[in-house]
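If you count the sequence shown from 1, position 405 lands on 405 in the UniProt record's numbering, and the numbers rise without skipping.
Working notes, structure below.
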Amino acid sequence: MEEFVADVQGDSLLASVGLDGIAVEQEPLERCHILDESTRPSSDWIPVPTTFPDFPYPTPYSQQISLMRSVYQTLVEARCGLFESPTGTGKSLSLLTASLRWLLDRNSLVPVRLEELNKRLGQIDSQSAGLEPDWVTAYEQTRSVKRMLEPEIERIEAVKSCLNKIADLKASYFKQSSQLLDACGTQKLDKQYSELYGQPDLNCIESSTDDPIEELFLSDSSHEEPFSPDETNLDDELSIPKITQIIYCSRTHSQLSQVLDELSKCEKLSAQISVIQLSSRQTLCTNRKVYQLHHPEAINEACLELGRSKSRCPMRNASAVKRLSDYLLSGASAPQIACSVRDNSYSKLFGKRSNLLFTDRPQSVDFIATRIGCPYYATRESLPTAQLVLVPYATVLQQKTRAAFGLTLTDSILIIDEAHNLLEATTSCLSVLLQLRDLQRVLIVLRTYQQHYRARLSSLVALRLRQLIQFVQSLQRLLLPSNHNRLTNPKVVTIPLMLCEAGIDNMSLHHLVDCLRQRHFVTKLAGFAKWVSAKSSTDFQSAEDETREKYDGSRPSLPTGMKSLLAGMKRSHGDMMNQPQIRSTLVEVSSACSIPKPPYRSTNNLDGASSSLFRFQSFLEALVIGEEDARILINPSRQNMENQPEDQLNSKDGQLDAKDPSLYFTVLNPGHYLQDLVRESRCVLLAGGTMQPFDELLQQVFQPAGKSTDKITTFTCDHVIDSRCQLKVFPIVETRDGQPLEFTFQQRGKPRVMDECGDIILQIALHTPAGVVVFLPSYDYQQSICSHWESSGLMSRLSQHKRVFREPKHASVLSQVMQAYKNANTNTRTGAVLICVIGGKLSEGINFSDDLARAVVIVGMPYPNPHCPLAIGRAVRHAKDYAAVFLVDRRFSRVSVTRQLPSWVQESLRLCVGARDQFAVNLSEALEQLGTFFSRNRPAVK
């Protein structure tokens, strides 16, 4: 294989011989067949199995087998797919089983493929030795074929090596855990490690942020082009996967945690597959000085700042991160490790062996954290070797976010679960809200930076700063009505029109984006803003104190140079100096010269400048990537602020409106921005409980990327339950006294409507033997209606029969609420009520099986409508489950609405309403049917 490498003599010989004149009598060494797809024993032709032994349950439902076979066939043919499987049919488990089995089957052919290529290479050598034609022709043919084979062999050898490494790590989970425990220091080793490594310095963040070196924020002006692209990052090279990866996406981290739980049920698969769950620094950081900042952007900024400073983060020790990376690939969970370090509780991590650790001394706690390493960077390091990568939507939908995490899609399988809201999630990721207060903070930072470094900036940096300042000022003028700008009402415009109205359509936005992006300039600006904010208040006060002590209230004395200048002017122009106008001017000049000014004014308005800078950068980048479908909502102030001083604009007292003036960027065709996902990936599978009609996703996601309909698999199936017996759907459209129930935005806040809603929920709770889950339109309405029920006494009456829980708005306490709700349903006979929000954290991905949700109440018609069947599906999770559903809004009686519900829901709905012309029943009749429904199904489950 090495005989033709750097063969200078052979190249010279071939160059001197006219190969065009040599007659070739035969096909050159099967050259056209060497890389022929038809001769490859690759996974493209793996037979689709009829059964899936890896499935954790002995007898899968027929729907699950059909789904797994369809997914497997799609992956074999390298197609894209749309899969609809009703919520509660084991969709996620089926997706995992089929895709991971295909991956293992494909990887099992790697040694076969490598052996065949090496065999072909040997045949070429033997054939070339016995060829009769001219030796020059044979030489050229042999070398050409080898040049095609050798890169393929090297690639497959790298894949094989990586797969062997994964197998070794998966087999050494307990060994990796023991090594990590030993590194943390047991009772015998704690003193030894402390003496050897010393105590970690966690105060480096204070030293790098509270009093940073001024040079840290100065953009490099020693180069003619200071904003040239960054040097090649080794992490970027490592991020290129050498193996085929399955990237599994869902909406939230809680849903991804449930996917991990589903995977743990497949013991055979989980024992062979390396899994990594990508999370943010906010979730995985273990440096107390950093994660206690709470705000995600502040945490990212502090982490990056530590990486560039001399006092590096002690958690990022290279050996510790590498050790932790191997531990993650062997089967450990990065979020669990981060949680254990933060809570200083290692029982879940090491079990009973955690008693060997010293956790009662602060210095030992910090020492253990540094020896474990940084879970965030360990995850990044293990990413290229992970076969299954779990990521939320926000990480994978934007190219810049994927690049930040080191995630590549080349030759990867992209599975997007809960894809019914894919377009909505894409729109949310691409949308940017930039408020007037953000523009004001950014302008202050840019001006202060320009003034502070004005003598040290290169010409290009100074030019870009001036352009940025002009750009921000122009955007400000759009939001501040004046005598020249009469805009006072919200207005939707395109990007070119907004730039034209602002007077900056001749400015290159790409140059401004490059300016902020390259060399981390926006991060330097954020650090500079924090430094100025901290320094200005100190310097301002010290300067005032110094002035007061020096002059003690007396008239300030002039500097010597100013005294000599005024004396000379008086001798030369004595009469003129006595004029009142001149004298007053000289007094002002002398006063200005004699009173020292602090280097910076007090800048309380720089609070939050870091967040504003990053939002401004996101808005600017959105303008660059936005295309014809992009729109900007200009929401200006309704006050004329033309003559307002800048200090008042920036102060809290100078707030212009309760609803802050803002610029909102969004897109009308989000599927257009998903083209790179489809083109780069090997396969893209979109799965969900309510995917139909498929036409929208076909037209917006796949067709713009060049995928024709015949290259896309579509799949749909019925529910695993018998919807005629195990599901009851009651549309409640009016109150007991015949008043229509309509929970539109205009009506739902009325006291009468909230009272009627509470009475309906109370009656349902009285007739339901276990848990009741209520879905409200929004978090704000949840707060309003619960407060109303508490004041009216209805909440007290409801609590007498069932304990009441509310879905929290913040995810940090969600698990505690869910655990308490489960305990209330399993440990008591009365059950509990959980008040949730449609489209919130509990309406998707959370299982309310069996007694956790015997009744589901949906108040108001969700928007978009697909959220409705998702909430219904939370209650029926297996073939023997059953539940009743109440649709509380008169709009559910419309035929146009009911037709959008899944077929299995429509079938139950028709049985409940009977032969009526309208899809509606009154509450009394529904409660009567409810009692019969529960009495019929309860013995069947027992």
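Ideal Cβ positions, reconstructed from N, Cα and C, are used throughout, including at glycine.
Since this is a predicted model, take the numbers as computed values, not measurements.
Quiz item: Just checking, does the segment 301-308 make contact with the segment 280-291 on the three C-beta pairs under 8 angstroms criterion?
Solution: yes
Practice problem: Have a look at Leu95 and Val71 and give me their C-alpha separation to the nearest angstrom. | Solution: Indexing the sequence shown from 1 puts residue 95 at position 95. Indexing the sequence shown from 1 puts residue 71 at position 71. If I take the Cα positions, the gap works out to 7 angstroms.
Self-check item: Distance, Phe83 Cα to Leu478 Cα
Solution: Position 478 of the sequence shown holds residue 478. Position 83 of the sequence shown holds residue 83. Cα-Cα distance, rounded: 46 angstroms.
Quiz item: So, do the segment 693-703 and the segment 723-737 have three or more beta carbon pairs nearer to each other than 8 angstroms?
Solution: no
Quiz item: Per DSSP, what kind of secondary structure is Tyr248 in: helix, strand or coil?
Solution: Counting from one through the sequence shown, the residue named residue 248 turns up at place 248. It is a strand residue.
Exercise. Under 8 angstroms by Cβ, that's how I've got Ala386 and Ser270 pegged, so tell me the actual separation to the nearest angstrom.
Key: Indexing the sequence shown from 1 puts residue 386 at position 386. Indexing the sequence shown from 1 puts residue 270 at position 270. 13 angstroms between Cβ atoms; not a contact.
Quiz item: Would you say Asp780 and Gln435 are within 8 angstroms of each other, going by their C-beta atoms?
Solution: The residue given as residue 780 occupies position 780 in the sequence shown. The residue given as residue 435 occupies position 435 in the sequence shown. For Asp780 and Gln435, no; Cβs fall outside 8 angstroms.
Quiz item: Excluding five sequence neighbours on each side, which residues of the same chain lie with their C-beta closer than 6 angstroms to the C-beta of Arg251?
Solution: Position 251 of the sequence shown, counting from 1, holds the residue named residue 251. Around Arg251: Tyr393 and Glu418.
Exercise. Consider the Cβ of Arg155: report whether some Cβ of chain B lies at a distance smaller than 8 angstroms.
Key: The chain inventory of the structure shown lacks chain B, comprising one protein chain alone.
Quiz prompt | Rounded straight-line distance, which links the Cα of Phe614 to that of Glu297 | solution = Locating residue 297 in the sequence shown gives position 297, where the first residue counts as 1. Locating residue 614 in the sequence shown gives position 614, where the first residue counts as 1. So the alpha carbons of these two residues sit roughly 8 angstroms apart.
Quiz item: Going along the chain, which residues of its own chain have a beta-carbon closer than 6 angstroms to the beta-carbon of Val589, five neighbours each way excluded?
Solution: Taking the first residue of the sequence shown as position 1, residue 589 is located at position 589. Bear in mind that a pLDDT of 46 at Val589, under 50, signals an unreliable position, so the model cannot answer this.
Self-check item: Nearest candidate by alpha-carbon position, reference Phe471, set Gly706, Thr97 and Leu620
Solution: For the purposes of this step, residue 471 is taken as the residue at position 471 of the sequence shown. When each option's Cα is compared against that of Phe471, the closest is Leu620.
Quiz item: Near Asp718, which residues of its chain fall below 8 angstroms by C-beta distance, leaving aside the five closest residues on each side in sequence?
Solution: Within the sequence shown, residue 718 is the residue found at index 718, counting from 1. Once the five neighbours on either side are set aside, the close Cβ partners of Asp718 are Gln63, Pro86, Ser903 and Trp904.
Quiz prompt | Beta-carbon gap between Leu284 and Tyr376 smaller than 8 angstroms | solution = The sequence position of residue 284 within the sequence shown is 284, counting from 1. The sequence position of residue 376 within the sequence shown is 376, counting from 1. Yes.
Quiz item: Leaving out the 5 sequence neighbours to the left and right, which residues in its chain are closer than 6 angstroms to Ala926 when beta-carbon positions are compared?
Solution: Start at 1 with the first residue of the sequence shown, and residue 926 comes out as number 926. For Ala926, where only same-chain residues beyond five positions count, the Cβ hits under 6 angstroms are Phe730.
Quiz item: Does DSSP put Asn922 in a helix, a strand or coil?
Solution: Taking the sequence shown and counting its residues from 1, the one referred to as residue 922 is at position 922. In the structure shown, Asn922 sits in coil (DSSP, three-state: anything other than H, G, I, E or B).
Quiz item: Where does the unbroken beta strand (DSSP E) through Asn635 begin, and where does it stop?
Solution: In the sequence shown, counting from the first residue as 1, residue 635 sits at position 635. Ala630 to Asn635 is the extent of the beta strand (DSSP E) around Asn635.
Quiz item: Exposed or buried, what is Val624 when buried is set at 16 or more other beta-carbons lying within 10 Å of its beta-carbon?
Solution: Residue numbering aside, residue 624 sits at position 624 when the sequence shown is read from its first letter. Exposed, because fewer than 16 other Cβ atoms sit within 10 Å of the Cβ of Val624.
Exercise. Throw me the rounded Cβ distance for the Pro151 and Lys242 pair, which I believe falls under 8 angstroms.
Key: Position 151 of the sequence shown holds residue 151. Position 242 of the sequence shown holds residue 242. Wrong, their Cβ atoms sit about 13 angstroms apart, outside the cutoff.
Quiz item: CA-CA distance, Pro740 and Arg890?
Solution: Residue mapping note: residue 740 aligns to position 740 of the sequence shown, counting from 1. Residue mapping note: residue 890 aligns to position 890 of the sequence shown, counting from 1. Whole-angstrom Cα-Cα distance: 6 angstroms.
Exercise. Assign Ile205 to one of two classes, buried (16 or more other C-beta atoms within 10 Å of its C-beta) or exposed (fewer than that).
Key: Reading the sequence shown from its first residue, position 205 is the one you call residue 205. Because the pLDDT at Ile205 is just 43, under 50, the model does not fix this residue reliably, and the value given afterwards should be weighed accordingly. It is buried - the Cβ of Ile205 has at least 16 other Cβ atoms within 10 Å.
Quiz item: Where in the segment 683-729 do unbroken runs of the alpha helix (DSSP H), each at least 4 residues long, occur, reported from the N-terminal end onward?
Solution: 723-726
Practice problem: Kindly indicate which residue of Leu388, Gly527 and His672 has the alpha-carbon position closest to the one of Thr408. | Solution: In the sequence shown, residue 408 corresponds to position 408, counting from 1. The residue with the shortest Cα to Cα distance from Thr408 is Leu388.
Exercise. Since I believe Thr395 is in contact with Thr401 (beta carbons under 8 angstroms), could you give me their beta-carbon distance rounded to a whole number of angstroms?
Key: As a first step, residue 401 must be located in the sequence shown, where it is residue number 401. As a first step, residue 395 must be located in the sequence shown, where it is residue number 395. Yes, they are in contact, since the Cβ atoms of Thr401 and Thr395 sit about 5 angstroms apart, within 8 angstroms.
Practice problem: Taking only the alpha-carbon atoms, compute the straight-line gap between Cys836 and Val774 and give it to the nearest angstrom. | Solution: As a position in the sequence shown, residue 836 is number 836, starting the count at 1. As a position in the sequence shown, residue 774 is number 774, starting the count at 1. Straight-line Cα distance between these residues: approximately 6 angstroms.
Quiz item: Leu516 and Gln617 look like a contact to me (Cβ under 8 angstroms); what is the Cβ gap, rounded to whole Å?
Solution: Here residue 516 refers to the residue found at position 516 when the sequence shown is read from its first residue. Here residue 617 refers to the residue found at position 617 when the sequence shown is read from its first residue. So it is a contact: roughly 5 angstroms between Cβ atoms.
Quiz prompt | Cα-Cα separation, Asn922 to Arg736 | solution = Against the sequence shown, residue 922 aligns to sequence position 922. Against the sequence shown, residue 736 aligns to sequence position 736. So the two alpha carbons sit approximately 7 angstroms from each other.
Exercise. Pick out the complete alpha helix (DSSP H) segments inside the segment 877-915, 4 residues or longer, and give them in chain order.
Key: 895-898 and 903-913
Exercise. Report, in whole angstroms, the separation of the C-beta atoms of Ser474 and Ile504, which I expect to be a contact under 8 angstroms.
Key: The residue given as residue 474 occupies position 474 in the sequence shown. The residue given as residue 504 occupies position 504 in the sequence shown. About 5 angstroms; that satisfies the 8 angstroms criterion.
Exercise. State buried or exposed for Gly406, treating a residue as buried only when at least 16 other CB atoms are found within 10 Å of its CB.
Key: What you label residue 406 is simply residue 406 of the sequence shown in a count that begins at 1. Buried is the call here.
Quiz item: Who are the near neighbours of Leu909 in its chain, counting only those whose CB is closer than 8 angstroms to its CB and skipping five residues on each side?
Solution: Stepping through the sequence shown from its first residue, residue 909 is reached at position 909. Counting only Cβ-Cβ distances below 8 angstroms, and skipping sequence neighbours, we find Val729, Pro731, Thr898, Leu901 and Phe919.
Quiz item: Going straight from the alpha carbon of Ala855 to that of Asp755, what length do you get?
Solution: By one-based count along the sequence shown, residue 855 stands at place 855. By one-based count along the sequence shown, residue 755 stands at place 755. Straight-line Cα distance between these residues: approximately 20 angstroms.
Quiz item: With which residues is Glu734 paired in a DSSP beta bridge?
Solution: Counting from one through the sequence shown, the residue named residue 734 turns up at place 734. Bridge partners of Glu734: Pro740.
Quiz item: With distances taken from CA atoms, which of Gln782, Ala622, Gly706 and Tyr327 is nearest His510?
Solution: Translated into the one-based positions of the sequence shown, residue 510 becomes position 510. That would be Ala622, whose Cα lies nearest to the Cα of His510.
Quiz item: Can you list, in chain order, the residues of its chain whose CB lies under 7 angstroms from that of Ile764, leaving out five sequence neighbours each side?
Solution: For the purposes of this step, residue 764 is taken as the residue at position 764 of the sequence shown. Taken in chain order, the residues that qualify are Val772, Ala855, Val857 and Phe886.
Exercise. In the DSSP assignment, find the unbroken beta strand (DSSP E) run with Cys80 in it and report its ends.
Key: Reading the sequence shown from its first residue, position 80 is the one you call residue 80. Cys80 to Glu84 is the span of the beta strand (DSSP E), which, as asked, contains Cys80.
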